[in-house]
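> Protein chains in written order, with the working numbering: chain A, 458 to 772; chain B, 458 to 772; chain C, 458 to 772; chain D, 458 to 772.
Where a beta carbon is used, it is the ideal one built from N, C-alpha and C, also for glycine.
All figures in this text were calculated on a predicted structure; none of them were measured in a lab.
Before I ask anything, let me first share the structure, which is written out below as structure tokens.
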């Protein structure tokens, strides 16, 4: 990640602010506020604003339950209780805003989370940055044979070289032709004074999907947790997971108690179907129990055994 | 409005906070933060948290438009432009949270705004406050004869006395019987130690719709503006308008530039249909123009004339 | 439930329609379309429109996965897979619309599901029906001592009689006074020709929370499932569960395959926290495992044991 | 637009359905149901399902207003009234589902409408179609000099040829290299049996933004109208307007009365600010009125004059 001198100055200006407020603050998050945390080769995540902290969740839960909650001893206990029982509305009382730079094909996955507020850099108005995501060699995986949407073993050697060269050359050539059609370079120079430039809203169609875009993305804490539990999951594409993991670090700084509950109940937790529950009950009691008669499909049986680290899978 | 000593202490504690933050602050809003602003006879509105200010709108708009917006001279000019052209997403970048105490029949109107986050006091858990909305005499209006959902002339004299007495007596009696069924008074005393109390989730059904409830209500600025333009409108019921008007004052303190644009383009503005536009064009040119041939219904014609303060209505 | 002769006629008219369509239809749901299914003492649920069936879910999932899904053998297998892995968007492709009559205090719980579309009967415009929910004796439970939002043992004998009398008398008196303030009876007769009637939007505040209202409520299948899993749950208040249970029957008729998957993975399923998973793994392996050292709170431990039907709870 | 023989067969199968239903139907929409209406060079729009018609709007509005609406004479009158006064919830009672094929850079604009349900073809699972949007010569416009996001005069002659050649060659080369990295052609043939193919979720990043994708897109009528009023507007990019215009035709077939009201109040209508209203009032009364003293910015003044077709603009 390479910030322009303009961006560096903006960040320093923002970080030098020292305002007084009666609002609650999250000191650990204040510490990294506005900082550009690098992700992938040219991307970043910056926390640029937030509202509330762990105590805001507790405060609104206590409004709901009124005098009735007085007895629950601790804030941490209440937050765990809310998380465990999916009492979700108190988690909506906190809000956070990120500034993110990311490749377009990842932005297209990300935007499917509809509950957030977004302002994206518009290539109808302005020329897009001259930066493309090129995977590092340790992420250049082959298509999985078993999982239709996953990655298999690494590609390496000359085939890896070839692929990386193709990706780089195609992105660069297409960007160069984008400038040519615009009749204007990234640096703002007119190429041929005798010609007009193609409308930006048209020229952009020549760019590749690994071009970087950026946006402000604002969400409440509940929807952030939903985003993170899906996108930090091992089934998510590596490139979006890289963003989610960095954001989990910011979560930990912002609302440490919620973070603990989230890791225990969501990230590390699992769901059991009603048939799966019967299988597990039998296994605990030491009763014989195999796939046949469980009502589970072969796939479900294996997923269940894997979850508990047992070997008795079937094929 | 009468706050309990517990509530007063909580507000003082909150107001005595003095935290340092790198976030933008809104000094005029900080000034009234946490304060309970009275509405109706027992209700209030308190701003309890916020995120962003006018500059946050500008900042995210400039991300969207990139280098292209550099030329728009002022922040105020950009905010007016966004408001006029309904470029709405930058207004979603600010967030505010209110604590509101309000009668249940008003809460039922309010909750129809679905985009907000809400935590309401739960009468399944706790006993509801012993407070009911009783209109003041100057708001005791008869059903309008012309407008099916409006108010007509004032009711006064002995009929007004009768109505106020009915409202007060019914609310009080029903509350008293609520306590009796709960077998517990508002102050927490058991009434008859030989009896059980009815489940709270059942007993509450005996309360009247003018009982007061309270909630935390959090929304982004765009949806707040939508709420205010509908609920501060003269067609809205007086009781919800009373809340909206107080909230417009908080809007003015929070985001003064947005407030100006909102008053000019939304609150004081109007919409013209394509047929209405033709009528107005003709009137400007001094051409004869009457209801017949305008394509407008009688009702539309009159609404149009009223908007511009002209007398030529038809009946 | 007693339908007016007007309502009966409307239902018969609707049911006698026989239109031809190229859209998919759900024959079992068509069979009960428009029918008023009784709930509680005066309420009902009617399915009044729908869009799509089980095949619509499959169709849109196959668009997402493209040629890649050709190999998944059956529609039922695909729907189970989607439900298990919370691939939720294909379930949004079906839509259903209900007409519901329900007590206001239940409507207030229901409306918290924000993703639905709603048109409710407006007491600003019209006079509310003269019907109140009065619980049957077998639902007249005391406040639970252990669970702050639950019901405990039944209240019976004279105390039950007293409560039922209070509820009935207060609702009826308040309705009578509502008519008096309106200066108009439920049947539309003016009470005193010398007086004006109080505005409807004001008079309604005298009604009790067990008054019946009605609405059209439209939602997609995914949000219907979320609603049903929360509201048919044993922790939900009995009165809303009564509605949810009737709606589960309509779900079964509409999308039988989705219904099966829903019952297995959602209704009958459970969630395990990461700490709970470790406890269960140990129990399966026959290792000693008790509350101490599990990292679970006492409450969590007991909830876990109860889920699997084991006795080793702690106090 | 060229449909595969598989797609043609699917459409014929769907169109040959003849089911009986008690639901309301929209005969004119049934007539074109499932048909692929061509848009741009390879795109299409198909209506694949719908729920409700004009009478559904009326029906739910009458539930809201109860007996009070009996007097509004006609359905059309009621729909116009609802549209004029932005009583929006009854329009949410109808739902429609489209199958759309469109270029990715247009899909990225479209998806910003967050209230719809979407299932998009996934390039993580499957190989994307070998089709790219290439503008026709009459749409090859230069960047506007006056409007930062608009198009100016046409580009033609050899510069147009050059641009079209660049767009075509870059898209084709990048697709070819996409196949090479996948080690699999669009037709499913393995290229080099000695090599693995790069994971699909990675290879796709080499594609250009004018590649075609497709999705199922489902929305309620209110949100469809919002989408159409923004995207059929003259300020919208030509390529998305092409889709919006075709969809307005389907709107007309589906809900003809709503369509009329929409064209009158939304598409052909305009908004006046409070300051603009004063200007217009003066002009009607024949008072002198110029930019100075109007409180309008130069830009606003000119927009206002243009709206009414007057010449007195300022520069």
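Does the beta carbon of residue 500 of chain A come closer than 8 Å to any beta carbon on chain D?
no
> Which value, in whole angstroms, describes the spacing of the CA atoms of residue 654 of chain B and residue 723 of chain C?
34 Å
> Tell me, please, whether the CB atom of residue 673 of chain A is closer than 8 Å to any CB atom in chain B?
yes
> Of all the alpha helix (DSSP H) runs that stay within the bounds of the stretch 682-768 of chain D, which reach a length of 4 or more residues?
695-711, 713-719, 731-742, 755-764
> Determine, using beta-carbon pairs with one atom in the stretch 692-704 of chain B and one in the stretch 537-550 of chain A, whether at least three such pairs fall under 8 Å.
Counting C-beta pairs with one atom in each stretch, the stretch 692-704 of chain B and the stretch 537-550 of chain A have fewer than three that are closer than 8 Å, which means they do not touch.
> Contact defined as beta carbons within less than 8 Å: I believe residue 454 of chain A pairs with residue 520 of chain A. What is the distance between those atoms, to the nearest angstrom?
No information on residue 454 of chain A is available, as it lies outside the stretch 458 to 772 that chain A covers here.
> Kindly list the residues whose CB is nearer than 6 Å to the CB of residue 624 of chain D, restricted to its own chain and excluding five residues on each side of it in sequence; keep chain order.
591
> On the three-state DSSP scale, how would you describe residue 508 of chain A?
strand
> Name, going along the chain, the residues of the stretch 642-657 of chain B whose beta-carbon falls closer than 7 Å to a beta-carbon of chain C.
652, 653, 654, 655, 656, 657
> So, is residue 557 of chain A buried or exposed, given that buried needs 16 or more other C-beta atoms within 10 angstroms?
buried
> Shortest alpha-carbon distance to residue 651 of chain B belongs to which of B/683, B/641, B/535?
Checked all of B/683, B/641, B/535; the closest Cα to residue 651 of chain B is B/641.
> On a Cα-Cα basis, can you pick out the residue from D/504, D/600, D/515, D/547 that is closest to residue 532 of chain D?
Looking at the Cα atoms, D/515 is the closest of the given residues.
> Buried or exposed, going by whether 16 or more other CB atoms sit within 10 Å of the CB of residue 560 of chain A?
buried
> My output table needs one value for residue 533 of chain C: the three-state DSSP class, helix, strand or coil.
Residue 533 of chain C: helix per DSSP, three-state reduction.
> Under the three-state reduction of DSSP, which class applies to residue 590 of chain D: helix, strand or coil?
DSSP places residue 590 of chain D in coil when its eight states are reduced to three.
> Against chain B, with Cβ distances strictly below 8 Å, would residue 550 of chain A count as a contact?
A Cβ of chain B is located within less than 8 Å of the beta carbon of residue 550 of chain A.
> For a quick check, are the C-beta atoms of residue 644 of chain A and residue 508 of chain B less than 8 Å apart?
no
> Span of the beta strand (DSSP E) holding residue 608 of chain B?
608-611
> Give me the chain A residues within the contact set of residue 534 of chain B, using Cβ-Cβ distance strictly less than 8 Å, ordered along the chain.
What residue 534 of chain B touches in chain A: nothing, since even the nearest Cβ is about 16 Å away.
> I believe residue 616 of chain C touches residue 609 of chain C by the beta-carbon criterion, under 8 Å. Please report the beta-carbon distance rounded to the nearest angstrom.
So it is not a contact: roughly 14 Å between Cβ atoms.
> Residue 508 of chain C touches chain D at which residues, Cβ-Cβ below 8 Å?
The contacting residues are 506, 507, 508, 552, 554.
> Check whether the Cβ atoms of residue 663 of chain B and residue 618 of chain C lie closer than 8 Å to each other.
no
> Using the rule of at least 16 other Cβ atoms within 10 Å of the residue's Cβ for burial, across every protein chain shown, is residue 677 of chain D buried or exposed?
Classification for residue 677 of chain D: buried.
> Candidates A/638, A/737, A/752: which alpha carbon is nearest residue 537 of chain C's?
A/752
> I need the straight-line Cα distance from residue 489 of chain C to residue 494 of chain A, nearest angstrom please.
58 Å
> For residue 647 of chain D, does the count of other Cβ atoms within 10 angstroms reach 16, so buried, or fall short, so exposed?
exposed
> Would you say the stretch 752-768 of chain A touches the stretch 463-478 of chain B, given that touching needs at least three Cβ pairs under 8 Å?
no
> Can you tell which of D/600, D/681, D/714 has its C-alpha closest to the C-alpha of residue 701 of chain D?
D/681
> For the candidate residues B/679, B/573, B/577, whose alpha-carbon lies nearest to that of residue 511 of chain B?
B/679
> Cβ of residue 734 of chain B within 8 Å of Cβ of residue 487 of chain A?
no
> Nearest by alpha-carbon distance to residue 606 of chain C: which of C/598, C/672, C/613 is it?
Out of C/598, C/672, C/613, the CA that lies nearest to the CA of residue 606 of chain C is found in C/598.
> From which residue to which residue does the alpha helix (DSSP H) around residue 622 of chain C run?
614-639
> Applying the criterion that 16 or more other CB atoms from any shown protein chain within 10 Å of the CB defines a buried residue, is residue 715 of chain A buried or exposed?
For residue 715 of chain A, the number of other beta carbons within 10 angstroms of its own is at least 16, and it is reported as buried.
> If I measure Cβ to Cβ from residue 570 of chain A and keep anything under 6 Å in the same chain, skipping five residues before and after, which residues do I get?
684
> Spell out the partners DSSP gives residue 598 of chain C in its beta bridges.
C/611
> Measuring alpha carbon to alpha carbon, tell me which residue in A/548, A/588, A/573 is nearest residue 461 of chain A.
A/588
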